[in-house]
Amino acid sequence: MILTFSKPDFVEKIKAGSKIHTIRKDFTNRWKSGRAIDFWLGNPRNVKSKPYTFNKGLCDGIEYIAITRSAHHQVGYTITVSQDGQTWKLLTSEEARLLAHNDGLSQAEFYNWFLADSENFFGKIIHWTQHRYSN
């Protein structure tokens with residue numbers, strides 16, 4: 457399956473192993489463990505932007521994620537994760553920082569990316585390593 461990225465610095469972060477997952481809304485429930493991943497910079501349907509594939513991988517698993525704006529939390533938002541969509545774990549501030557880092561973003565970038573125009577974000581963490589947050 458095609459997994460597109462718009463930030464050029466993600467290419468090196470994925471290749472170096474510092475970006476170990478991505479977070480997507482996945483409205484149609486496409487992403488599941490075992491799916492092949494074709495990593496692309498840019499959308500291959502938009503040839504004017506000169507997209508290219510830069511890596512291949514395998515979806516090692518998914519976790520559900522809920523990000524909620526919160527003025528009372530140390531980092532400005534709360535994050536809960538779940539492997540089954542039923543039992544949820546609230547991440548600590550340190551775990552939230554690690555999740556942002558492992559997604560290739562700073563805390564501020566993470567906040568602005570997922571909560572720029574909304575109070576909540578619900579989606580999936582698509583893993584290509586064995587690292588998990590809900591354990």
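Each number in our numbering comes from the position in the sequence shown (counting from 1) with 456 added on.
All residues carry an ideal CB built from backbone N, CA and C; glycine is no exception.
Nothing here was measured: the structure is a model prediction, and the numbers come from that model.
(message) Using the three-state DSSP reduction, which class does residue 550 fall into: helix, strand or coil?
(response) The residue labelled residue 550 in the question sits at position 94 within the sequence shown. In the structure shown, residue 550 sits in a helix (DSSP, three-state: H, G or I).
(request) Write down every uninterrupted run of the alpha helix (DSSP H) in the region 485 to 540 whose length is 4 residues or greater and which is fully enclosed by it, in chain order. (result) none
(request) Since I believe residue 579 is in contact with residue 479 (beta carbons under 8 Å), could you give me their beta-carbon distance rounded to a whole number of angstroms? (result) Here residue 479 refers to the residue found at position 23 of the sequence shown. Here residue 579 refers to the residue found at position 123 of the sequence shown. That pair is a contact at about 6 Å.
(request) Consult DSSP for residue 459 and reduce its assignment to one of helix, strand or coil. (result) Working through the sequence shown from its first residue, we reach residue 459 at position 3. It is a strand residue.
(request) Would you give the residue range spanned by the alpha helix (DSSP H) that residue 469 belongs to? (result) Position 13 of the sequence shown holds residue 469. Residues 465 to 472.
(message) Assuming residue 523 and residue 571 are in contact, meaning their beta carbons sit under 8 Å apart, how far apart are those beta carbons, in whole angstroms?
(response) By one-based count along the sequence shown, residue 523 stands at place 67. By one-based count along the sequence shown, residue 571 stands at place 115. Residue 523 to residue 571, Cβ: 6 Å. Contact.
(request) For residue 519, I'd like the list of residues in its chain whose CB is within less than 8 Å of its CB, leaving aside the five on either flank, ordered along the chain. (result) Position 63 of the sequence shown, counted from the start, is the residue given in the question as residue 519. So the list reads 537, 538, 539, 580, 581, 583, 588, 589, 590, once near-sequence residues are dropped.
(request) Given a cut-off of 9 Å, decide if residue 475 and residue 573 are closer than it, judged by their beta-carbon atoms. (result) Within the sequence shown, numbered from 1, the residue matching residue 573 stands at position 117. Within the sequence shown, numbered from 1, the residue matching residue 475 stands at position 19. The answer is no: Cβ separation not under 9 Å.
(request) Using beta-carbon positions only, say whether residue 526 and residue 532 come within less than 9 Å of one another. (result) Here residue 526 corresponds to residue number 70 of the sequence shown, with the count starting at 1. Here residue 532 corresponds to residue number 76 of the sequence shown, with the count starting at 1. Yes, these two residues count as a Cβ contact at 9 Å.
(request) Note down, in chain order, each residue of its chain lying with its Cβ closer than 7 Å to the Cβ of residue 567, except the 5 sequence neighbours on either side. (result) In the sequence shown, counting from the first residue as 1, residue 567 sits at position 111. Within the same chain, residue 567 has close Cβ partners 532, 533.
(request) Going by CA-CA distance only, name the one from 535, 550, 467 that's closest to residue 544. (result) The count along the sequence shown starts at 1 and reaches residue 544 at position 88. The shortest Cα separation from residue 544 among 535, 550, 467 belongs to 535.
(message) Less than 8 Å between C-beta atoms, sequence neighbours within five positions excluded: which residues of the same chain meet that for residue 487?
(response) Translated into positions along the sequence shown, residue 487 becomes position 31. For residue 487, where only same-chain residues beyond five positions count, the Cβ hits under 8 Å are 457, 480, 515, 518, 580, 582.
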